[in-house]
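Residue numbers for the sequence shown follow our numbering, so the first one is 1 and each next one is one higher.
C-beta: ideal position from N, C-alpha, C; glycine also.
Keep in mind that this is a model prediction, so the values were computed, not measured.
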Amino acid sequence: MGEFAVLGSPIAHSLSPQLHTAAAAAIGLTDFRYGRIEVQEAGLEALLDSHPALAGLSLTMPLKRRLLELAGARGWQVDADALATGGGNTLLRPPEGPVDVLNTDVAGIVEAITEALAERGAAAAPWSDAADVLGAGATAGSALVAAARLGIAHVRLFVRDRTRAGDARGVAESLGLTASVCDLPDWVPGERGLTLSTLPAGALDADRLPYRSSLEGLFFDVAYAASAAPVHRALADRGAIVVDGGRMLLHQAVEQHVRFARLAGLDESLAEQARPTIRDAMDAVLRSR
């Protein structure tokens with residue numbers, strides 16, 4: 001069956017063990033074990049080499065770009081979203097056959113936004129072809145690919161340090177998007193119909209944002225910690241559709257677990273058929289927080 005875990009630093013706060021354990025139980029994988037391992041970029045290669053039994057891995061910050069570097073050096077297969085974003089969040093190491101690197105964050109963002117619009121009964125997306133992306137780290141790449149998939153053609157990248165915006169701008173341009181780089185303090189909520197924030201929780205100060213009295217559009221935030229809640233409440237109170245990172249976490253984890261279930265011995269077709277059960281089990285964990 002192999003072992004499963006989430007890697008990153010810091011990692012103690014990760015909900016991935018609860019999500020994947022609940023999903024495995026729901027679909028009858030009684031021997032499934034999923035843990036947490038604290039590891040920095042410099043230690044990723046050594047950890048993988050010293051733990052060959054780790055078959056299915058979720059990777060969070062700061063490991064996503066490092067995983068792509070290792071994939072290139074070792075000839076691992078890399079899916080289209082990981083290639084486009086320059087970062088992977090899933091590593092699959094079956095006992096036989098090729099090693100695969102995936103990026104399920106893109107699907108997680110798109111599914112979270114699509115779900116929110118459906119719950120609001122929105123007949124059409126509340127944006128045209130432009131969006132704001134906050135942040136320029138590895139997850140910004142996933143946000144940009146998701147934006148392109150949602151019909152966006154023009155993006156403004158709001159960053160804290162312009163010298164670190166090159167990778168994100170490169171991803172945007174590789175997707176055929178036009179991109180401009182702006183200073184994060186200049187971001188005004190509601191100037192664009194779609195905002196994708198990839199900033200750490202608490203990076204935005206709810207008391208310092210230049211709010212408009214009434215907002216339309218959708219604000220997606222990868223953060224779901226309590227420190228992000230004041231900004232979310234302020235935007236929702238002014239009419240914005242707010243989607244926190246818990247929904248992305250759910251949908252990207254579902255994509256992972258379908259693949260993990262196959263590594264754990266479940267037939268490929270049965271793993272796909274189990275997708276709704278996996279989603280419901282994980283959703284129950286998140287809603288009980």
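What are the residues that DSSP puts in a beta bridge with residue i?
{"i": "residue 178", "result": "154"}
{"i": "residue 159", "result": "183"}
{"i": "residue 132", "result": "156, 195"}
{"i": "residue 90", "result": "58, 102"}
Return the first residue and the last residue of the beta strand (DSSP E) that residue i is part of.
{"i": "residue 104", "result": "Unbroken run through residue 104: none, as it is neither H nor E."}
{"i": "residue 8", "result": "3 to 8"}
Tell me the residue span of the alpha helix (DSSP H) that contains residue i.
{"i": "residue 144", "result": "138 to 149"}
{"i": "residue 85", "result": "80 to 85"}
Around the Cβ of residue i, are there at least 16 other Cβ atoms within 10 angstroms (buried) or fewer (exposed)?
{"i": "residue 13", "result": "exposed"}
{"i": "residue 213", "result": "exposed"}
{"i": "residue 247", "result": "buried"}
{"i": "residue 188", "result": "exposed"}
{"i": "residue 59", "result": "buried"}
{"i": "residue 169", "result": "buried"}
{"i": "residue 69", "result": "exposed"}
{"i": "residue 270", "result": "exposed"}
{"i": "residue 287", "result": "exposed"}
{"i": "residue 146", "result": "buried"}
{"i": "residue 50", "result": "exposed"}
{"i": "residue 105", "result": "buried"}
{"i": "residue 108", "result": "buried"}
{"i": "residue 66", "result": "buried"}
{"i": "residue 30", "result": "exposed"}
{"i": "residue 186", "result": "exposed"}
{"i": "residue 323", "result": "With the chain running from 1 to 289 in the structure shown, residue 323 is simply not present."}
**Length-filtered (3 minimum) beta strand (DSSP E) runs lying within the stretch 16 to 64** = 34 to 38, 54 to 59
**Asked** At what residue ranges does the stretch 202 to 276 contain a whole run of the alpha helix (DSSP H), taking only runs of 4 or more?
**Response** 229 to 237, 245 to 263, 268 to 273
**Request:** Determine, using beta-carbon pairs with one atom in the stretch 151 to 165 and one in the stretch 212 to 232, whether at least three such pairs fall under 8 Å.
**Result:** no
**Message:** Tell me whether the stretch 21 to 34 and the stretch 266 to 279 touch, counting them as touching only if at least three CB pairs, one residue from each stretch, are closer than 8 Å.
**Reply:** yes
**Request:** Spell out a yes or no on whether the stretch 34 to 47 and the stretch 229 to 242 are touching, meaning 3 or more CB-CB pairs, one atom from each, closer than 8 Å.
**Result:** no
**Asked** Taking one C-beta from the stretch 84 to 93 and one from the stretch 138 to 145 each time, how about it: are there three or more such pairs within less than 8 Å?
**Response** yes
**Prompt:** Are the stretch 117 to 130 and the stretch 190 to 198 touching by the rule of at least three beta carbon pairs closer than 8 Å?
**Reply:** yes
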